[in-house]
Amino acid sequence: MTTIPKPKKAKIALIGTGKIGSRILSYLRQNAQLKVDDYDLHNFNQLADQEYDVVFLTTPMKAVGDLRKLISNQPLVITTIKGIYQNKLVCDFFDNVVSLNGYYTPQLFQPKFCLARKEEFIESVFPEFPKFEMDVRQALTANYLKNMYLVVSEKIDSERVEQDIAELEINSAAKELLREDLEMCRKLKSRNYLFSKMVYRDKIPALKAIRILGLVEGAESFTYSEDFASSLITEIREEFIRDLN
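Numbering-wise, this note's numbering puts 23 at position 22 of the sequence shown, and it's gapless, one number per residue.
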């Protein structure tokens, strides 16, 4: 495993300057007083000439494969991505990944850092945020399934979802994280949750709902993948795809 330099000496990049990416960038530059190079999906080809110690990845999941081709080394990757694309997760492209789970917005920025082992960079730069040492693949799985359950929450009753969670082949810590995040997203009305309300309750066409809400990662995961950790999600995929059209 590559040793990450102390934060002030680390070479840091943030890729994806949407609302959450911009919030993290502001935190890194203003709160942590760090130098950070930022890229969006229009200029990320410039990564081909760079190597970084730490990369914050806040893009859609479908961009990760192309990004990986440009990054020649194996940095510490800290990601907000909550999707699956062509049956792959962020950890299928990078070796050292930290997943930001939980419900958070630019205004309510309170992510849960899920990481395989203690990282001094994380401890130093984000001391006030909760950390969970766990299998990162399982944390990423909990993240993408959460959004997929949410986009069909008006279609599938909560008891059926709970039964499906109980049968998932992830450990109890990941399941508890998933349940907590689902509850918080419902309570605070996340985009994926609102998508289900708009499409299944208010009968707004799915594509119009996406135009209104922006990126709906749960819907993208249904669209671009077909092999999931959940038997329920796999079972209803084709029906959901029809609902989108």
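Cβ coordinates follow ideal geometry from the N, Cα and C atoms, glycine included. Since the structure is predicted, the reported quantities are computational estimates derived from the model, not experimental observations.
Consult DSSP for residue i and reduce its assignment to one of helix, strand or coil.
| i | result |
| --- | --- |
| Y201 | helix |
| N88 | coil |
| F248 | Here the chain has residues from 2 to 246 only, and residue 248 is not among them. |
| A167 | helix |
| K190 | coil |
| L15 | strand |
| K254 | Since the displayed the chain opens at 2 and closes at 246, residue 254 lies outside it and no answer follows. |
| E239 | helix |
| D93 | helix |
| V217 | coil |
| S231 | coil |
| T4 | coil |
| E160 | helix |
| E155 | coil |
| S226 | coil |
| K83 | coil |
| K176 | helix |
| K209 | helix |
Assuming residue i contacts residue j under a Cβ cut-off of 8 Å, what Cβ separation, rounded to an integer in Å, is found between them?
| i | j | result |
| --- | --- | --- |
| I13 | Y53 | 6 Å |
| A175 | A143 | 5 Å |
| F193 | N148 | In the sequence under discussion, the amino acid at residue 193 is Asn, which differs from the Phe named in the question. Contact holds; Cβ gap of about 4 Å. |
| V56 | I16 | 6 Å |
| F223 | R238 | 6 Å |
| N102 | S226 | No, N102 and S226 are not in contact; Cβ-Cβ is about 19 Å, not under 8 Å. |
| V126 | A33 | 5 Å |
| L48 | V37 | Wrong, their Cβ atoms sit about 14 Å apart, outside the cutoff. |
| L141 | S191 | That pair is no contact at about 17 Å. |
| I234 | L146 | 7 Å |
| L245 | A220 | 7 Å |
| F94 | R69 | 4 Å |
| T18 | D39 | 6 Å |
If I follow the unbroken beta strand (DSSP E) through residue i, where does it start and stop?
| i | result |
| --- | --- |
| S102 | It is Asn, not Ser, that sits at residue 102 in the sequence shown. Note, N102: beta strand (DSSP E), N97 to N102. |
Return the first residue and the last residue of the alpha helix (DSSP H) that residue i is part of.
| i | result |
| --- | --- |
| T80 | Taken as a continuous stretch (DSSP letters only), T80 belongs to no alpha helix (DSSP H), being part of the beta strand (DSSP E) at L77 to T80. |
| T106 | From DSSP, T106 is part of no alpha helix (DSSP H); its letter is neither H nor E. |
| N144 | V137 to V152 |
| F122 | E121 to V126 |
| K20 | K20 to S27 |
Specify whether the region 77-89 and the region 34-49 touch according to this definition: at least 3 beta carbon pairs, one from each stretch, less than 8 Å apart.
-> no
Is the region 133-150 touching the region 99-117, taking contact as three or more C-beta pairs under 8 Å?
-> yes
Examine the Cβ distances between the region 121-134 and the region 194-202 and report whether three or more of them are shorter than 8 Å.
-> Contact fails between the region 121-134 and the region 194-202, because fewer than three Cβ pairs, one in each stretch, are under 8 Å apart.
Which ranges does the alpha helix (DSSP H) cover as unbroken runs of at least 4 residues, wholly within the region 29-73, from first to last along the chain?
-> Runs of the alpha helix (DSSP H) inside the region 29-73: 65-71.
Is it a yes or a no for the region 201-221 touching the region 178-190, going by three-plus beta-carbon pairs under 8 Å?
-> The region 178-190 and the region 201-221 do not touch, with fewer than three beta-carbon pairs separated by less than 8 Å.
Determine contact between the region 66-78 and the region 213-224, defined as no fewer than three beta-carbon pairs at a distance below 8 Å.
-> no
For the 8 Å Cβ check, are there 3 or more pairs between the region 154-165 and the region 120-127?
-> no
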